[in-house]
Amino acid sequence: MSKPKVLFIDDEERIVRSLTMQFRASYKVKGVTDPTEALKLISNDHYHVVVSDQRMPNMQGTELLKQVRNISPLSLGILLTGYADLPAVIGAINEGEIFRYLTKPWDTDEINRVLEKATNIALQMEPFRTLETIPAANQIIGPHIMVVDEDPAIHEAIASQFEGKYIVHWAPNLDTAFNILNTNDIALAITDLMLEGEEITPILGTLKQYNPNILTIVLTKLKDSNIIINLINQAQVFRYLPKPIHPALLNKSVIAATERYTQLCNVPIFAKRHEVEKLAEETITPKKTSGFLQLLRTRFAKANNTIATAA
Amino acid sequence: MRLSFKYKLSLVFVLVTLLVAGTGVYLLYAQTYELVLTQLGNRLRDIGSTGTLVFGPKERTQIVNLTKQIQQDALVLTEAALAAIPEGETLSSLAPKVAARYMAGADFQNLVQKLRSIKRATRSKIRPFPQDHLPQVPKDINADPFRILYTYLVIPLITPTGPHQSLSIFLADSDYEKQPDEEGNPIGGIYREVKTGAVLVPALQTGHTKIAHTFITDKWATVLTAGVPIQDADGKTIAVLGIDLDVLSEANRLRRLKWLAFGIVSGISILALILSYFAAQRLSWPIQSLKQGAERVRAGDLNTQVVLQTGDEFDVLAQTFNAMVRQIQEHTENLEQKVADRTQELSQALHKLKASQTQLVQSEKMAMLGQMVAGLAHEINTPLGYMKNNIIMTRSIIEQFDQLTVASSKLEQVFKQETASVEQQNDALNNLSCMTAEIIEQELPDATAQLLEDILYGITQVSELVLSLRTFAQLDQALIQAVDVHDCIDSALRIGHHRLKHVVEVRKNYGDLPTIECSPARINQVILNLLHNAADAISTVREKGEIVITTTNVDADTIQIKIQDNGKGIDTKHLDKIFEPFYTTKPAGEGAGLGLAICSQIIEQHKGNIQVESTIGWGTTVTITLPT
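Those protein sequence lines, which keep their order, are chains A and B.
This note's numbering applies: residue 1 is where the first sequence begins, and numbers increase by one.
This note's numbering applies: residue 312 is where the second sequence begins, and numbers increase by one.
Here it is in structure tokens:
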């Protein structure tokens, strides 16, 4: 098997030089300082992983990765940036749909690990390159959507908007959410990031970990770029929408999410693309969250076992 | 015209009095006049001996014919008589004969009969009045028909006796007006305006007595006229006795009465004037005293009290006024305290306002600092990123070299050992050459050199940044130093590098500047802020713009820094307010609108000047002048 190909883009040539030098042994690496050139390269050749800086002349990293996704949907995007400003991080989720968000100065081991994982996934997906346009499966029963928000307004809005198309559940709290998860195959979770006073990134991460097909749209008032970086790296949220919610944006996001869900169901390997880091259990302190996590693990472990047995 | 209330009041009194008195006097006068006239009229009716006899048409014709005949006969007689008069005879002796001839005629007899009956009839009606002034009526009317003729028919019985007492009685033809008297005056003189039609004809026609009075304007007199019908034995009205009474004397009396009335009115008026003055004064004194009180209050005498005790509305007004004055007095007394209280409240509010403003300025500074830190973090993290990575890589390369060293020393050992086999020697040599080959294949020496060079470059970058930061470190301390403005600009450019590098090309036109006394930290802050603004203005309209920084030494005392951008420009309507605190066109949450306000404040503190010129679509130029 040939070495996977990795492309580094940064307007600081020393970064490019350093990174290419670091990874030249493991991968087939290429480094450029100009995003336009990078796009040209990607059009001509398949790169498994694209690592880009955010602040660059002519083009922002998120914009570049968005275009990369259009040109080469199976390439995984990683953002490596010196400063996590909020628009960049939100753009990384909503536009770039990136695999990981790394900050400078980076941890050598971490970047090693991330690249390894990314290239692995990319290699696994490679056979499907020809199946880029997968027709959406005929939906007999619309996918289940769960809205987790203390405020019923969002649920009402979505339920009325997609009436007859999807089944929309509402969970005002975590317990209800768990019951719904337990009894239904949820395709899309639209959730506030703060529930019962706790920030639920770990829950979203665990959910994703055990059930990579579930897509999440996060609605929040929080504007902390570190939290959002965690949402990317640990939970691979599909969209991040700041509150107050713009209804058109939400509808668009829901439609995009259900399309993606169909795609994931058809080609399960694509779900790998949204693989997350496994959480270290001791990092989770809030009581509610950890209790819920326990429930989740039990629930999905059982399910996975059933699948395994069935297989 | 301005009249005091008092005079207005008196005027009203006078007018009212005059009206009442005038009306009263007029009514009195009219009443008297009417009374006098009525009495006179009644008396006139009683006056039998005065009057003008108007014949009926038949009688008139008879008299006229008879008169003509007599005159004619007399004339004939005279000529014949003259011729036939014997010596010693006079004409008068002939007359009785002529008279006798006519008196013998039937017409004459008839006429005389009628006249006699009229005489009889009138005698009962006409009584002599006043007796003294009446001329003697011929005693025997039968004996002297000519006298009747002359006296009754032609010549007025009585000539007017005087202008004042003008009771006239005459018997006349109804044409009497046309016949002048001996002096050429129309008969009746002053009565010429008396129209027969008013009483005589109606009396003749109706057979009833008629009375009328006519005012003769040019004589200022009233004439009373009565028409008394005279009937013959058959009860037929054959003539009307017209009686005119000149009431001039009565009129004069009435005129005197008028003057008296006028005098009374004048007297009343003067009295009313005087009385009304006092009355008005009496009535208006409460107002006067209220006015004076108000003036005293206005002059500042707050102890003023107006005491009226009139018990009317003015009294109430005065009491209200007093209450008001007392209130004003109390308010004035409290005012000092209130002013003090309010001043304290205001100063507290001001203090709060200042505090919150300081807080806002502080938060704006923090926002600027945050922006700067964001840029700096990126600027520092980038070199740190590759430096760290390079060092780690270099470390692993060094490990490889270490192994090489170990291998070479092992080789050396093997070769030095006499006991070592050729095999051992070959192994060691192979090992070393393998390693060397690997190192050469990986171009490790060059790579290492490159890595190290990059690290050095990174270190230079970071230390330059840190150097620039040092000036910014004193952001809140305005240390005055002799500073090269270019250093300030350069360090601001360095700090703002991350924001500017992708958006703008910076062109510097540095002139030859002396050092100036200023707070470098503050000036840096201003320039960084202006650069950020320029970058913001550019990035909204174009991918890449240009900022031109020009410095000139205007004169010995002034330098000028000009920062020009080709961004979107500023609308004229915003341009005036651009330095006002909290004025911003950015949406809420993106800057408090203090940036330029702070800049302008800093430049003012340096006794400099900051100006903005801008054209929409073309860009903005900020010019700062600073004293050296």
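Note that the Cβ used here is the ideal one computed from N, Cα and C, for glycine as well.
Between the segment 727-739 of chain B and the segment 39-50 of chain A there are fewer than three C-beta pairs closer than 8 Å, too few to call the two in contact. Taking N376 of chain B as reference, the option from B:G416, B:E345, B:A394, B:T343 with the minimal CA-CA separation is B:G416.
For chain B, the residues of the segment 17-37 of chain A that bring a beta carbon within less than 9 Å of one of its beta carbons are R17, S18, L19, M21, Q22, R24, A25, in chain order. In the three-state DSSP reduction, Y588 of chain B falls in the helix class (H, G or I). Secondary structure at I935 of chain B: strand, using DSSP grouped into helix, strand and coil. Using a CB distance cut-off of 9 Å, T108 of chain A counts as an interface residue toward chain B. Collapsing the DSSP output to three states places K721 of chain B in a helix.
For G807 of chain B, the CB contacts under 7 Å within the same chain, skipping 5 residues up- and downstream, are G686, L839, L842, H843 in chain order.
In its chain, beyond the 5 residues on either side, E828, C829, S830 have a beta carbon closer than 8 Å to the beta carbon of I791 of chain B. Nearest to D868 of chain B by alpha-carbon distance, out of B:P938, B:M677, B:E816, B:I921, is B:P938. By the Cβ-count criterion, H155 of chain A is buried, with 16 or more other Cβ atoms from all chains shown falling within 10 Å of its own Cβ. Only residues of its own chain outside the window of five on either side were considered, and among them D876, N877, G878, G880 have a CB closer than 6 Å to the CB of G930 of chain B, listed in chain order.
According to DSSP, E924 of chain B shares a beta bridge with B:T932.
Relative to Q638 of chain B, the option among B:R833, B:E723, B:L613, B:L619 whose CA is nearest is B:L613. If you look at S744 of chain B, you'll find it in the alpha helix (DSSP H) that goes 733-752. Under the three-state reduction of DSSP, R260 of chain A is assigned to helix. In this structure, the CA atom of A256 of chain A is about 43 Å from the CA atom of L804 of chain B. Each residue's CA atom was taken as its position, placing D185 of chain A and P212 of chain A some 12 Å apart.
Judged by DSSP in its simplified three-state form, F162 of chain A adopts coil rather than helix or strand. Check the Cα spacing between T33 of chain A and each of A:P4, A:A177, A:A122, A:V16: the tightest is with A:V16.
Residue environment for A235 of chain A: buried (at least 16 other C-beta atoms within 10 angstroms of its C-beta).
Going by DSSP, Y210 of chain A is part of no beta strand (DSSP E) but of the alpha helix (DSSP H) stretching over 201-210. Look at L188 of chain A here: in three-state DSSP terms it is strand. Around the beta carbon of P244 of chain A, a 10 Å sphere encloses fewer than 16 other beta carbons of the protein chains shown; the residue is thus reported as exposed. Look at E275 of chain A here: in three-state DSSP terms it is coil, with no helix or strand label.
Within the same chain, Cβ atoms closer than 7 Å to the Cβ of L905 of chain B are found at L671, V672, E675, P892, F893, the five residues on either side in sequence being excluded.
Take C799 of chain B, set aside five residues on each side of it, and the residues of its chain with a beta-carbon closer than 7 Å to its own are P831, I834, N835, I838, in chain order. When 8 Å is used as the limit between beta carbons, G769 of chain B is near these residues of chain A: R14, in chain order. Proximity of the segment 116-123 of chain A to the segment 82-96 of chain A falls short of the contact definition, fewer than three beta-carbon pairs being nearer than 8 Å.
Bounds of the beta strand (DSSP E) holding N864 of chain B are 856-866.
D765 of chain B belongs to the set of residues whose beta carbon lies under 9 Å from a beta carbon in chain A.
Distances from the alpha-carbon of D823 of chain B to those of B:T883, B:V815, B:G856, B:T861 put B:T861 closest.
Taking each of A:F128, A:L241, A:S43 in turn and checking the Cα distance to E95 of chain A, the smallest one comes out for A:L241. Residue pairing for Y101 of chain A: DSSP places it in a beta bridge opposite A:L79.
If you draw a straight line from the Cα of S160 of chain A to the Cα of N230 of chain A, it is about 32 Å long. A check of alpha carbon separations from R818 of chain B across B:Q420, B:E734, B:D801 identifies B:D801 as the nearest.
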